[in-house]
Structures are given as structure tokens and as C-alpha cells.
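Here is the structure we will look at.
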Amino acid sequence: MAKWYDDIKNTDDVVVSTRVRLARNLSNYAFPSRMDKETSQKAAELIKDAITSNYCEKLGVINVNSGCDTGSLVEEHVISPDFSTESPLFRLLVTDEKGNLSVMINEEDHIRIQAIYSGLRLEQAFEKANQADDAIAKGCKIAFDEEKGFLTSCPTNLGTGMRVSVMLHLPALSAYGYIKNTVAMLNKIGLTVRGIYGEGSDAQGNLYQLSNEVTLGISEQDTLEKLKGAINLVVEREREMRKKMLEAANSEQLLDTLWRSYGTLRYARKIDTAESAKLISNVRLASSCGIIPACKDKNLIKLLFEIMPSHIVSRFPEAVTASVRDKYRADIIRQFLE
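Read left to right, the sequence shown gives residues -9 to 328 (our numbering).
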């Protein structure tokens, strides 16, 4: 299956990805937290049949309970961390061939539709998610209330049931210590900022997720417009800070840091996830500013995902310890940058 990050371009210097997620439930079944395995299987088969029969593209179906590589899917943002954990429920994952659509069946809600694209593509992701939503609705009765909107397991998702999340690479704002102020500003207008893997996660590689907090009492289009305005503001600020960094009196020190990051990645024989994420962030910053020509056409975000622990283990099953993974990670990075 193709990956959504395969087509990330260097023009996507700040916005790495756009994701639209819709939470839906069947009206004639209890929420997943109140279901047994037999009932959850009936619900899953109903949902699977609806989307595979009515969706406009060919889809694949994965039985998550059968020992598939859920770790790599979490690292790629195809599924949530909760969906990868052992569960008494029968769970299915439905995906398209290009890696842009995934439907988690029997996560926190019966249906979690997710559309993800590289770069800033709000409308495209929204349309893709809606197509899947419409396909399921043709074969399933969805829980909906005229006043509360779509009924969801968690009250914070009532209304549209939609979360729009944009992943941003913010090395300059991070370097100048403006992240906290940025987060506070966005919180005031109903948006939230989290780490690379959502709530409670770190901003590895200076990657942050900006998403809407409010789903009740606001339309899908208003949510998209609000987020778009905030994204443009953050992108403009990040680019201003990058320019300021390069023009600063100590820019020679910055250049030395960026080139040393490239040199370490290019020649290291062992490197852990945290250090490699930090150095890749530095090299991506340098690449976007035209400082390291050798990386001009390198998809460094793809590299970042493919050196995560589960990805390494999926390629090299013998990499059962962190030390061995650190060796393979360095090998992968060197080969990628050659």
C-alpha cells in the first residue's frame, strides 16, 4: 500500500500534512465500550459491507485482531494508538490503495473515518472523508440528533463529529521559544496544539499538530475556515522567524549547527530515535532555506517516519533491542542521504 507521505514536497516547508477525522456511530448498537465481541463483529461486518459496496474506489480490509503490524500504522498516523492496543472487540481497518483514507471500525466509536494528505489540503481531505461517510450511510443507520448532531461516545465530539488536524514543522518558533505563546493564542480561539502523536505526546522533530477543539454549534465549513486562518498565521510567523535566524549576527553558529546535523546523520553508525528526529528537523530546516543542496529533493519527513522503532522492526525482525535498532537506523539514514 502506498503511504500518504510519499509525495511530500520541499514546497511543503511548514505544513507537513492535513487530516480530517469523522466520528460516527450506528443508531441500533450500543457504543463500543458496552459491546461484547459477538455484537462488535456484527456491527463491524455491517459497516465493512456498506463502505466496500458503496465507496467510489477499491478498498482493502485488515483484521486488526489477527496480529498485523499496528505499530507501524500508528507511527504513520493511519490508526490511533488506542486502536493498536489489545481489545476484546472485533476490529477492522479499511484503507484505500493510496494511503489517504483509513476507516477504524470499533475504536472509541463504531466508525472513525480519517482522510490524510501531505501539505495543506483541507478541502481535499474533507471531501475524501465525506465520500466515505456517505458510502457508509447508504448501508447503515447513523446515530444523529437534530439538536446534538452526530452522537458520539465522548461528548466532546458531539455535533459535527469532525476533527481537523494539521501537522506543522516549527523549528524556528521552537528555537526562539515562541511555542508557548503560539499555543496560548490558538487556545483562545478554540484550537489546540499537541505533539506529533496527539495528546500527551512530544513534539519529536519539532512537529506539532494543530486541530479544532469545538465540534458542537459550529458547521464543518466554519471549522475549516477558522483553522485555515490560524494555519496561515502560524506559517507566516514561522517563515519570519526562519528569515530572522538566517539574518542574525550569530548566523554562522546556526550554519555550523545545521551542517553538523547533516554530518552526523551522514556518517553516524548508531543513533536513537530522539536524536535522529532532532537532526532531521535541523536538516529539513536547512533544506527549505536552500542551505544544504544535497537535500534539496529529499523527502525527509518520509525518512523520519521510516526510522521509527516499529518500522525498523518490521523490516529487520532481529532488531529486538534499542541498541540494535539504533544501528539499523543509522544504516537507513546513511543510505537515504547518499
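Just so it is clear, CB atoms sit at the ideal spot from N, CA and C, and this is done for glycine as well.
Item to check | DSSP beta-bridge partners of residue 159 | outcome: 197
Next on the checklist: Since residue 106 and residue 159 should fall inside the 8 Å C-beta cutoff, what is the C-beta to C-beta distance between them, to a whole number of angstroms?
Outcome noted: Wrong, their Cβ atoms sit about 16 Å apart, outside the cutoff.
Checklist entry - Which residues mark the beginning and the end of the alpha helix (DSSP H) in which residue 254 is found? => result 241 to 257
Item to check | Proximity to residue 134 [Cα-Cα], best of 151, 120, 146 and 122 | outcome: 151
Checklist entry - Is the beta carbon of residue 22 less than 8 Å from the beta carbon of residue 99? => result yes
Item to check | First and last residue of the uninterrupted alpha helix (DSSP H) at residue 300 | outcome: 299 to 305
Checklist entry - Considering only C-alpha positions, which residue in the set 277, 193 and 228 is nearest to residue 263? => result 193
Item to check | Opening and closing residue of the beta strand (DSSP E) in which residue 177 lies | outcome: Segment 169 to 178 is the alpha helix (DSSP H) holding residue 177; no beta strand (DSSP E) there.
Checklist entry - Under three-state DSSP, which class holds residue 261? => result coil
Item to check | Per DSSP, the bridge partner or partners of residue 135 | outcome: Answer is 139, bridged to residue 135.
Item to check | Chain-order list of residues whose beta-carbon lies under 8 Å from that of residue 181 (same chain, five-residue window excluded) | outcome: 200, 201, 202, 203, 216, 217 and 220
Checklist entry - Between the beta-carbon of residue 318 and the beta-carbon of residue 306, is there less than 8 Å? => result yes
Checklist entry - Given residue 184, which residues of its chain have a CB within under 6 Å of its CB, disregarding the five upstream and five downstream residues? => result For residue 184, where only same-chain residues beyond five positions count, the Cβ hits under 6 Å are 199.
Next on the checklist: Suppose contacts are defined by Cβ-Cβ distances below 8 Å. Is residue 65 in contact with residue 298 by that definition?
Outcome noted: Yes, the pair counts as a contact, with Cβ atoms nearer than the cut-off.
Item to check | Check whether residue 126 and residue 14 have beta carbons under 8 Å apart | outcome: yes
Checklist entry - Can you give the beta carbon distance from residue 233 to residue 316, rounded, assuming they're within the 8 Å contact cut? => result Residue 233 to residue 316, Cβ: 35 Å. No contact.
Checklist entry - Taking the alpha carbon of residue 10 as the point to measure from, which residue in 292, 117 and 154 has its own alpha carbon closest? => result 154
Next on the checklist: Between which two residues does the beta strand (DSSP E) holding residue 107 run?
Outcome noted: 101 to 108
Checklist entry - Skipping 5 residues on each side, what residues in its chain have a beta carbon closer than 7 Å to that of residue 122? => result So the qualifying residues of the chain are 41, 45, 91, 93 and 103.
Checklist entry - Under three-state DSSP, which class holds residue 185? => result strand
Checklist entry - How far does the alpha helix (DSSP H) with residue 64 in it reach, from first residue to last? => result 60 to 65
Checklist entry - Going along the chain, which residues of its own chain have a beta-carbon closer than 7 Å to the beta-carbon of residue 292, five neighbours each way excluded? => result -5, -4 and -2
Checklist entry - How long is the line joining the alpha carbons of residue 268 and residue 288, rounded to whole angstroms? => result If you take the alpha carbons of residue 268 and residue 288, they lie about 17 Å apart.
Item to check | Best match in 164, 275, 54 and 253 for proximity to residue 328 [C-alpha to C-alpha] | outcome: 253
Checklist entry - Between residue 330 and residue 214, which are expected to be in contact by the criterion C-beta below 8 Å, what is the C-beta distance as a whole number of angstroms? => result The structure shown does not extend to residue 330, since the chain is modelled only from -9 to 328, so the question has no answer here.
Item to check | Status (buried if at least 16 other CB within 10 Å, exposed otherwise) for residue 96 | outcome: buried
Item to check | Cβ neighbour criterion (16 or more within 10 Å) applied to residue 75 | outcome: By the 10 Å Cβ count, residue 75 comes out exposed.
Next on the checklist: Taking the alpha carbon of residue 89 as the reference point, which residue from -7, 240 and 250 has its own alpha carbon closest?
Outcome noted: -7
Checklist entry - Is it right to say residue 311 is buried, meaning 16 or more other beta carbons lie within 10 angstroms of its own, or is it exposed? => result exposed
Next on the checklist: If you reduce the DSSP assignment to three classes, tell me which class residue 213 lands in.
Outcome noted: Per DSSP, reduced to three states, the secondary structure at residue 213 is helical.
Item to check | Option in 175, 116 and 55 with minimal Cα separation from residue 30 | outcome: 55
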